[in-house]
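Note that the numbering used here numbers the sequence shown so that position 461 is 454, with each residue one more than the last. By construction, the Cβ of each residue, glycine as well, lies at the ideal position given by its N, Cα and C atoms. First the structure, in the form of structure tokens, and then the observations on it.
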Amino acid sequence: MRRKRASSAADAHPFGLAAAQHLQTLVRIPTVVPPGDAPLTPEVAAIFASHRAALEECYPQVFATATVETVGRAGLLLRVEGATAERPVILMAHQDVVPVPDDWEAEGWEFPPFDGAIADGFVHGRGTLDDKGALVVLLDALEGLLGEGWTPARDLYLLFGADEEQHGASAVAAVNVLEERGIEPWLVLDEGGAVALDAFPGLKGPAAVIGASEKGIVTLELVVESLGGHASTPPRESAPGILGGALVAVESSPFPSSLHDLSVEMFEGLAPHLRGLMKPLLRRARSLRGPLASVMPRLGPELAAMVRTTAAITMLEGSPAQNVLATRAKATLNCRIAVGSSVEETVTHLVSVIGDERVRVDVIEATEPSPVSPTAGDERWDALVAAVGVSYPEAVAVPYVMMAASDARHVARIAPAVYRFSPLLMVKAQREAIHGPNEKVSIDSLGRGVAFYRALLTGSALGPSV
């Protein structure tokens, strides 16, 4: 474990240091939800109670002003009353984080993952990017505005899920509550895109990629069953061997590529800012859909995932002992479904490429791709772009299809405009550290994130200060 001197953050955005200290407090509370949807154990419930207490201590104005409800297992739904209940706004983040292995040092962490170390201009630790950093900058902005006597022009809801990393039951519960009350959100903003560096070939500066839709998700289990027995007399084909053939077939037969209208809009928005060969190509993205869809997968996994459904092999199970033949072999596939496709098309493709009736394909969880929200010319989209202009004036803001899953997918059924964007700067190494070792966020980026939410909340579309 490498130890570094604490950062003075002298060059950070003025809002950054306070946000960094709040984030450090929250990172130190390991809000990990166990797999499944069972009620929280007393131990885990106590951790989330501690996290809520920390939120109330860090943000006394917010919690004194808002009405606060617990939704689901430990989710929070806050309402800050505005001058009108018409066109309410929902701002979202989630409290939970993914786990860290016990041997985290061997995994390569530079600092203990739940210490929230502030060093070298960064806050280090699990959840700094996913998603406590976004939670903090939102609440820091709102706390500051309320302290200045500001009142929202329209009702403002804050939805902080507690189990987004486990399919988002808290968000589902919150949406049910809002629906029962007849609340129809005019604008929803959750995590998702970011201010990304090194994401596009030929783009020197940052791109603020704002998710106007998100891929669907289907979790599948491939199961092969056979006779067991002693490993000294193996059959010609074993259950793991048959399963292995199926997995090779899946990886050898990727889903077809296509360029969605959102991707075309993204490429056309980026084109004026590019250098090199990509600039003339992306300027003509609309007429070059086919060639671009073929080229993008060759330029790396991020760009490949933008133009096709993906299937990732994530879990494997076989024999319980080294000298016992497996009677059952199982693999888990996590598929992210391209906008314009469907769960049915995804499953049909996989069954077809596997082509072996001995491999059973079971659907464990499935969500269709989200509807596409309005972009250029819509006042909600323009409000987000304007807030990016205040906080990251050097960034070009473009829409995109979010490739991961968020709690926002559950809210989309009651809201016409749902966006996914965390106003945090992330270089490629930081994006790769989400759910991995050395997750960290810069203090300057936290300050800019606060500025983003202040600009959004006080902008003309959402209403100026009252």
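Residue j beta carbon less than 8 Å from that of residue i
{"i": "L71", "j": "L151", "result": "yes"}
{"i": "E214", "j": "D355", "result": "yes"}
{"i": "L449", "j": "L343", "result": "no"}
{"i": "T365", "j": "S256", "result": "The question names Thr, but residue 365 is Val in the sequence shown. No, the Cβ-Cβ distance between V365 and S256 is not below 8 Å."}
{"i": "G185", "j": "F414", "result": "yes"}
{"i": "P233", "j": "G118", "result": "no"}
{"i": "A239", "j": "L318", "result": "no"}
{"i": "T302", "j": "F260", "result": "no"}
{"i": "A401", "j": "V411", "result": "yes"}
{"i": "V73", "j": "L132", "result": "no"}
{"i": "A388", "j": "A264", "result": "no"}
{"i": "T63", "j": "I40", "result": "no"}
{"i": "V130", "j": "A12", "result": "yes"}
{"i": "L135", "j": "V55", "result": "yes"}
{"i": "R80", "j": "R174", "result": "no"}
{"i": "V383", "j": "A390", "result": "no"}
{"i": "K272", "j": "G198", "result": "no"}
{"i": "G440", "j": "P7", "result": "yes"}
{"i": "V336", "j": "A359", "result": "yes"}
{"i": "V216", "j": "R321", "result": "yes"}
{"i": "L292", "j": "L274", "result": "no"}
{"i": "T144", "j": "A76", "result": "yes"}
{"i": "N316", "j": "W102", "result": "no"}
{"i": "R351", "j": "I235", "result": "yes"}
{"i": "G65", "j": "A167", "result": "yes"}
Residue i - containing alpha helix (DSSP H), residue span
{"i": "K421", "result": "421 to 426"}
{"i": "V434", "result": "Per DSSP, V434 belongs to no alpha helix (DSSP H); it is in the beta strand (DSSP E), 433 to 435."}
{"i": "G283", "result": "282 to 288"}
{"i": "F56", "result": "53 to 58"}
{"i": "K125", "result": "125 to 140"}
{"i": "A298", "result": "294 to 299"}
{"i": "E338", "result": "336 to 347"}
{"i": "A475", "result": "This structure leaves residue 475 out entirely; the chain is present only between -6 and 459."}
{"i": "W374", "result": "372 to 384"}
{"i": "I235", "result": "232 to 245"}
{"i": "A11", "result": "9 to 20"}
{"i": "R276", "result": "271 to 276"}
{"i": "L252", "result": "Looking at the DSSP string, L252 is not in any alpha helix (DSSP H), and its letter there is neither H nor E."}
Residues that DSSP places opposite residue i in a beta bridge
{"i": "A390", "result": "A201"}
{"i": "V317", "result": "H223"}
{"i": "K323", "result": "V216, E310"}
{"i": "G111", "result": "In the sequence as displayed, the identity of residue 111 is Ile instead of Gly. In the DSSP output, where bridge partners are listed per residue, I111 has V116."}
{"i": "M395", "result": "E207"}
{"i": "G186", "result": "F414"}
{"i": "V332", "result": "S334"}
{"i": "E62", "result": "L70"}
{"i": "A305", "result": "N327"}
{"i": "L196", "result": "L267"}
The beta strand (DSSP E) enclosing residue i, as first and last residue numbers
{"i": "I176", "result": "Careful: I176 lies outside any beta strand (DSSP E) and carries neither H nor E."}
{"i": "L152", "result": "149 to 154"}
{"i": "A359", "result": "353 to 360"}
beta-carbon residue i near the ligand FAD non-hydrogen atom, thresh 7 Å
{"i": "I330", "result": "This structure simply doesn't include the ligand FAD, nor any ligand for that matter."}
Within-8 Å CB hit, residue i to chain C
{"i": "L255", "result": "Here chain C cannot be found, since the structure has a single protein chain."}
Notebook entry, point to check: Any contact of the region 434 to 441 with the region 390 to 407, i.e. 3+ C-beta pairs under 8 Å?
Noted result: No, they do not touch.
Item checked: Inter-stretch contact (C-beta, 8 Å, three-pair minimum) for the region 6 to 22 and the region 106 to 116 -> Yes: the two stretches touch, three or more of their Cβ pairs being nearer than 8 Å.
Next item on the list: Would you be able to state if there are at least three C-beta pairs under 8 Å between the region 280 to 287 and the region 246 to 254?
Entry: At 8 Å Cβ cutoff, the stretches touch.
Notebook entry, point to check: Can we say the region 417 to 428 touches the region 176 to 194, given the rule of at least three CB pairs closer than 8 Å?
Noted result: They touch, by the three-pair rule.
Item checked: Inter-stretch contact (C-beta, 8 Å, three-pair minimum) for the region 331 to 340 and the region 203 to 212 -> The region 331 to 340 vs the region 203 to 212: in contact.
Next item on the list: Could you tell me whether the region 140 to 158 touches the region 71 to 90, where touching means 3 or more Cβ pairs closer than 8 Å?
Entry: Short answer: they touch.
Notebook entry, point to check: With contact counted as at least three CB pairs below 8 Å, one residue from each stretch, are the region 39 to 56 and the region 163 to 171 in contact?
Noted result: Result no; under three Cβ-Cβ pairs closer than 8 Å.
Checklist line | Length at least 4, wholly inside the region 65 to 108: the alpha helix (DSSP H) runs in chain order | finding: Runs found: 97 to 100.
Notebook entry, point to check: If we count Cβ pairs, one from each stretch, closer than 8 Å, do we get three or more for the region 286 to 303 versus the region 323 to 335?
Noted result: A contact exists between the region 286 to 303 and the region 323 to 335.
Notebook entry, point to check: So does the region 118 to 133 actually touch the region 18 to 31, counting three or more Cβ pairs closer than 8 Å?
Noted result: Contact holds: three or more Cβ-Cβ distances are below 8 Å.
Next item on the list: Please go through the region 25 to 51 and give each complete alpha helix (DSSP H) segment of 4 or more residues, from N-terminal end onward.
Entry: For the alpha helix (DSSP H) assignment, the uninterrupted runs of no fewer than 4 residues enclosed by the region 25 to 51 are, from N- to C-terminal side, 35 to 51.
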